[in-house]
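To start, the structure itself, in structure tokens.
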Amino acid sequence: MRALRLAERLLEAMVAFLLFALVAMVFTNVMMRFFFNSGIVVTEELSRIALSILILTGAVLALIQQRHIAMTLVVDRLPEPAKKAVVALTGAVMLYGNFLLAQGAWMQAKLNFSSNYQISGLPSATIYVAATLAGTALALVVAGRMVLILSGRMPADKFFQAASADIAE
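In the working numbering, the protein residues as written are 27 to 195.
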């Protein structure tokens, strides 16, 4: 659990940095265009890359913090053994989706390692590597929760807990 808390803090810092960098780049470019009729061309590429990485990092952070939206109307009414079965089925589907994300992104990364963005010179595989890491991290979080729930060390309700549960409290 300590490693998960450390990862959560690092992801929060990364999200904050990326958000700040994105706002700073876009604001600077808008001001430059307004006052000087020119802009910093590289910020368009960098802001696109930063936004993509921000979205992927935010998805991992939201899963760790259980901030994704969940529809638990049916699951809440099930007995505990049925909830565990739904956890196993839902977790398997989520793991497969995360596997597809990581595998597909890695295939794209391998194809794009030899090419660079035209203006910034960064490798075109940058976003795909981030997507590979995000897919792997998402799978690790889901697998860890599944193991805890199916072994009985965590209630099945925790798998489906989402942002709506926080609002109700």
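Note that CB positions come from ideal geometry on N, CA and C, so glycine has one too. All of these numbers come straight from a predicted model, not from anything done at the bench.
Along the alpha helix (DSSP H) that carries residue i, what are the first and last residues, could you check?
i, result
"threonine 158", "152-176"
"arginine 31", "28-62"
"leucine 104", "Where leucine 104 is concerned, there is no enclosing alpha helix (DSSP H), given that its DSSP letter is neither H nor E."
"arginine 74", "68-90"
Around the C-beta of residue i, are 16 or more other C-beta atoms found within 10 angstroms, so that it is buried, or is it exposed?
i, result
"leucine 44", "buried"
"threonine 54", "exposed"
"arginine 171", "buried"
"tyrosine 122", "exposed"
"glutamine 124", "One detail in the question is off: residue 124 reads as asparagine in this sequence, not glutamine. So asparagine 124 ends up on the buried side."
"alanine 194", "Here alanine 194 scores only 47 on pLDDT, less than 50, and its place in the model should not be relied on; the value that follows carries that caveat. Flag for alanine 194 reads exposed."
"methionine 57", "exposed"
"alanine 118", "exposed"
"isoleucine 145", "exposed"
"leucine 32", "exposed"
"glycine 178", "exposed"
"glycine 161", "buried"
"lysine 109", "buried"
"valine 168", "buried"
"leucine 137", "exposed"
"leucine 126", "exposed"
"leucine 36", "exposed"
Could you name the residues that DSSP lists as bridge partners for residue i?
i, result
"proline 149", "Asn142"
Hey, residue i and residue j are a contact pair by Cβ (cut 8 Å); roughly how many whole angstroms apart?
i, j, result
"leucine 30", "isoleucine 90", "7 Å"
"alanine 135", "threonine 116", "In fact, because the Cβ distance is near 28 Å, the residues do not count as touching under 8 Å."
"asparagine 72", "methionine 51", "One point to set straight first is that residue 72 is leucine, not asparagine, in the sequence displayed. Contact holds; Cβ gap of about 6 Å."
"glycine 65", "arginine 59", "5 Å"
Exercise. Do the region 148-156 and the region 74-85 meet, that is, are 3 or more Cβ pairs less than 8 Å apart?
Worked result: Because the criterion of three Cβ pairs below 8 Å is met, the region 148-156 and the region 74-85 touch.
Could you check whether the region 128-135 touches the region 91-107, counting it as contact only if at least three pairs of C-beta atoms, one from each stretch, sit closer than 8 Å?
With the cut-off at 8 Å, the region 128-135 and the region 91-107 do not touch.
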